[in-house]
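Here is the structure we will look at.
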Amino acid sequence: MGRYRLTCIWVPLDTSPRKQSMDKIILTGMRPLSGAIPISGAKNAALPLMAMSMLTSKPLVLSNVPKLSDITRMAELLTHHGVNITFDGTSCCLRASDITDTTAPYDIVSKMRASIVVLGPLLARCGRAAVSLPGGCAIGTRPVNMHIDGLRALGANIYIENGYIYASAPAHGLSGATIVLPFATVTGTENVLMAATLANGTTVIKNAAREPEVCDVANCLLAMGAKISGIGTDTLVIDGVQELDGAHHNVIPDRIEAATYAIAGAITNGDVVLKGVVYDDLLAFWQTLERAGVCVSQVQRSAKNVADVRITMSSRPKGVDVMTEPHPGYPTDAQAQFMALMALCDGAAMVTETIFENRFMHVPELCRMCADITIHKASALVRGVKQLVGAQVMATDLRASVSLVLAGLAACGETTIQRVYHIDRGYERIEEKLRNCGAVIERVS
Ligand code: EPU
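Right, here's the structure in full:
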C-alpha cells in the first residue's frame, strides 16, 4: 500500500480496533424526549460524492459532510489514491490533481463496503482500477455483479482474481450503452452513472435507483458539467463529456437519521422537532408513522424543500404492517427502527424485508429486552408488549444497533449496548443529540 498523504484531516472518532471493542452506550429509559434535533448531512450521499472527486483534476468542495467513521475511512481510501483532502468544520475540499494509485486495497475496503463506489470514477478517469471485492456483511451477501455488468456494458474489460476486481477501459475510453439493471441497486447505479459521465456517447440506465442519495450524486455531477437527464426517475440518460470541472455542493440531509430520531420521539411519547429535513424524501415513512398514530407535521418549510418536522405521540402506537421497498417505498434502512416502535404496539405488526436477506439481526436482541417477535422467512411478526425491559445487548450492524438505542429509550431500567462502533459509522454525536432532548445516555469505554 502506498504512503498516505492526508492533509489536515480531522479524525472525528477513534476507530482503532481497541477503542471500538471497548466502547458501550448505557442508557436509562422511559424519559419522554422533548426538544430540537439537528439533522446532519447524508452519509450515503457524502460517500459517493467524495469518490466523485476523482473524476476531475479540479477541486470539489462539499459542505454539510457528516463527521462519521465511514467518512474518515473514505478519506483514508481517497488519500491512498492520491486525492488531497482538507476538512474545515463540515466542509471538505477534495482535489485529485493526479491519481497516484488505482488500487483500492483489501485493508480499507474490508472495513467499509461502500468503498466499491471508487470503481466507476477510477475506471473512467484512469482507464483502470483494481478494487478489493467488498464481500458480504451482517445484513446479506451483497454481491456487486450488477456494478460489474453495467461497467462491462460500457466496454470495460473486467475479471476477478485473488479477491480483487480488475477493470480496464479500451484505449479509446468507455463507450455509452443502454443498460437495464436487473434490480435498482443504489451504489450500482452510482458507479455506472459516474463512469458514464466521461464515456464516449450516450448511456441510458434503465431501472435506475431513485433514492435521494442517487439524485444528489447526479445533481453534483451536473454542477461539475456532466450532461444528465431523468434525475429522480428510473431512467437516467447521460451524454458523455470530455472532462468534468470542479464544483461546490451541499450534501442533502440524512433522511435515515431523521427517520431514526422521529421514532425516538414517538417511542418515548415525546415531542421533538427534526431540524432540516427534506420532507418529500420520506413520504412512505411519514405515512407509516401516521398510520401508527404518530403526529407528524411540518413546522417550517424553506424554498429548497427543507423543513423542520415536528413529531408528537401521546399513546401506544397502533400495529402497522410494513414492507421495505426501493425508493419511494418504505426504506430498508429504517426497518429495524420501526420494528423497535412496533415492539410496543397495540396489537401486532408484520414487518417484511425485501431488500436484504438477513436484516433481522436486531430481533434476538430486541427479544432480550422482552419484545415478542417471531421471524418467518422474510417477515417478522411483532406482537406488541406493554413494556420493554432494559438488558445488555449487542450491536450487529448500523441500523440494527440504533434500533436497540430506540428500544432502550422506551424500556424500563438500564440498557447497555456493546459494539457501539457500528453506530458511529452512521450517527454523528448520537448521545449529545439525544441527551439535549432529555435522554439519560452516556458512552463509556
Ligand atoms: N445486489 C445484487 N447485485 C449487485 C448489487 C446489489 O444482487 O450488484 C442486491 C443486494 O445484495 C441487495 C439489493 O440488491 O439485496 C439492494 O442492494 P443495493 O445495491 O441497492 O445496496 P447498496 O448500494 O449496497 C445502499 C446503501 C445501504 C442501503 C441500500 C438500499 C450506501 C453506501 N449504502 O447499499 O445503506 O441499505 O443501498 O437502500 O449507499 C446503511 O446505510 O445502513 C446501508 C446499508
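Counting in the working numbering, the sequence shown runs from 297 upward without gaps. A virtual CB, placed ideally from N, CA and C, is assigned to each residue, including glycine.
How many angstroms separate the CA atom of residue i from the CA atom of residue j?
i: R391; j: T352; result: 8 Å
i: C663; j: T483; result: 33 Å
i: Y723; j: I333; result: 12 Å
i: P622; j: W582; result: 16 Å
i: T564; j: R327; result: 6 Å
i: S312; j: Q714; result: With a pLDDT of 49 at S312, under the threshold of 50, the predicted position of this residue should be treated as unreliable, though the coordinate-derived value follows. About 16 Å.
i: T437; j: R655; result: 11 Å
i: A426; j: P627; result: 31 Å
i: E710; j: M635; result: 20 Å
i: V736; j: I322; result: 8 Å
i: Y717; j: G566; result: 27 Å
i: V698; j: P613; result: 19 Å
i: H544; j: I651; result: 33 Å
i: I435; j: D693; result: 7 Å
i: T712; j: L585; result: 27 Å
i: L470; j: I726; result: 43 Å
i: Q594; j: D576; result: 11 Å
i: N496; j: G472; result: 6 Å
i: E661; j: L700; result: 8 Å
i: R739; j: C433; result: 25 Å
i: T498; j: S365; result: 37 Å
i: A555; j: A580; result: 11 Å
Per DSSP, which one or two residues make a beta bridge with residue i?
i: D604; result: Q596
i: K673; result: Paired residues: none, contrary to the question.
i: L570; result: I333 and V605
i: K502; result: V476 and T531
i: M619; result: T648
i: H544; result: V357
i: I322; result: T712 and E738
i: Q688; result: T712
i: D276; result: The first residue shown for the chain is 297 and the last is 741, placing residue 276 beyond what the model contains.
i: S525; result: V533
Under DSSP, the beta strand (DSSP E) around residue i begins and ends at which residues?
i: H443; result: It is not in any beta strand (DSSP E) - H443 instead sits in the alpha helix (DSSP H) that spans N441 to A449.
i: I404; result: No beta strand (DSSP E) holds I404; the alpha helix (DSSP H) holding it covers Y402 to V405.
i: E457; result: N453 to E457
i: A463; result: Y460 to S464
According to the Cβ coordinates, are residue i and residue j closer than 7 Å?
i: P344; j: V513; result: yes
i: P466; j: G451; result: yes
i: P508; j: I534; result: no
i: A342; j: V361; result: yes
i: I671; j: V689; result: no
i: S610; j: T648; result: no
i: G572; j: V592; result: no
i: A645; j: G615; result: yes
i: S411; j: N546; result: no
i: A703; j: M665; result: yes
i: W396; j: R424; result: Note that residue 396 is Thr in the sequence shown, not Trp. Cβ atoms of T396 and R424: not closer than 7 Å.
i: L330; j: G734; result: According to the sequence provided, residue 330 is Ser. The question's Leu does not apply to it. In contact: S330 and G734 (Cβ atoms closer than 7 Å).
i: V574; j: R606; result: no
i: Q633; j: I559; result: yes
Hey, could you find the ends of the alpha helix (DSSP H) residue i is sitting in?
i: Y557; result: R551 to I563
i: M350; result: Neither: M350 is in no alpha helix (DSSP H) and is coded neither H nor E.
Taking only runs that begin and end inside the segment 362-446, name each unbroken alpha helix (DSSP H) of 4 or more residues, in chain order. 365-377, 402-405 and 415-422
Can you list, in chain order, the stretches of the alpha helix (DSSP H) that have 4 or more residues and sit fully within the segment 691-741? 694-706, 717-720 and 726-731
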